[in-house]
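What follows is one structure encoded as C-alpha cells, with my remarks underneath.
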Amino acid sequence: MRRVLCAVILACAVVSLLAPMAHSAESDDVKSVLRSRIREYSDALTKKDLAALDQIWADGYTFTNGRGEFLTKKERLENVKTGATQFESISREGEEIRVFGDTAVVTTRIVLKVIYSGKESSGPYRSLNVWAKMQGRWRLVANQITPIQE
C-alpha cells in the first residue's frame, strides 16, 4: 500500500511539473500561428486585398481608429475598396501576444503611413487587437489604435 501511495504521489508530481511545459509549448504554437495571421493582415491591408481582409475580419468585427471613429467590417471593407483607406506601410515593434483559450489579445506599437477614411493619419500608434479562434481559424474580432504623441 505504501508503494502504491508513493507511486501515485510521484506520478502527480511529475504531471504537475510537465503540465506547464506542455501548456507553454501549446501557447508558443498558438503565438506562432497568430504572428503569421498578423503578417497576413498587414500584407492584406497594404495590398488592398479585400478577399483576404474579408477572411481575416470576423463577421462582427469592429475597429476604432485614432480619431475615435467606430467602424464595422462592412464600412472598413468599403473604405479599402473605394480608396478612402490606404496603407502604404505598416511597421510593428514590441509586440506582445497573450492567449486566453480561444481568444488572444495582441498589443504592439505600430508606425503607419496611412490615410484613414480619407484623412491623412500617418504616425506612431498603440494598437490593441482581439483575435478569436472560430471554426478552427484565428480571426480578428476587434481592434483599436491610439495615436502616440511624440
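So the sequence shown is residues 866 to 1015, counted in the working numbering.
By construction, the Cβ of each residue, glycine as well, lies at the ideal position given by its N, Cα and C atoms.
Remember, predicted model here, so these are calculated numbers, not experimental data.
- Message: Whether or not the segment 959 to 977 and the segment 936 to 950 are in contact is what I'm after, with contact meaning three or more pairs of Cβ atoms, one per stretch, closer than 8 Å; do they touch?
- Response: no
- Query: Under 8 Å, do S992 and I1013 count as touching if we go by C-beta distance?
  - Reply: On the sequence shown, residue 992 is found 127 positions in, with the first residue counted as 1. On the sequence shown, residue 1013 is found 148 positions in, with the first residue counted as 1. Their beta carbons are not under 8 Å apart, which means S992 does not touch I1013 by this criterion.
- In chain order, which continuous runs of the alpha helix (DSSP H) of length 4 or greater are located wholly inside the segment 903 to 975? 915 to 921 and 938 to 947
- Message: Taking 7 Å as the limit between beta carbons, can you name the residues of its chain near N994, skipping five residues before and five after?
- Response: In the sequence shown, the residue the question calls residue 994 occupies position 129. Answer for N994: V971, L1005 and N1008, listed in chain order.
- Item | Backbone secondary structure at S982 - three-state DSSP | In the sequence shown, counting from the first residue as 1, residue 982 sits at position 117. S982 falls in the coil class under three-state DSSP.
- Task: Would you kindly check if the distance between the Cβ of L915 and the Cβ of L942 is under 8 Å?
- Result: Counting from one through the sequence shown, the residue named residue 942 turns up at place 77. Counting from one through the sequence shown, the residue named residue 915 turns up at place 50. Cβ atoms of L942 and L915: closer than 8 Å.
- Item | I1013: first and last residue of the uninterrupted beta strand (DSSP E) it sits in | In the sequence shown, the residue the question calls residue 1013 occupies position 148. That residue, I1013, is in no beta strand (DSSP E); it is neither H nor E in DSSP.
- Task: Using three-state DSSP, classify S901 as helix, strand or coil.
- Result: Residue mapping note: residue 901 aligns to position 36 of the sequence shown, counting from 1. S901: helix per DSSP, three-state reduction.
- Message: Beta-carbon within less than 6 Å of T950's beta-carbon, same chain only, minus the 5 sequence neighbours each way: which residues are those?
- Response: In the sequence shown, counting from the first residue as 1, residue 950 sits at position 85. The answer, listed in chain order, is N944 and Y981.
- Neighbour-count burial assignment, R902, 16 or more Cβ in a 10 Å radius: Within the sequence shown, residue 902 is the residue found at index 37, counting from 1. It is buried - the Cβ of R902 has at least 16 other Cβ atoms within 10 Å.
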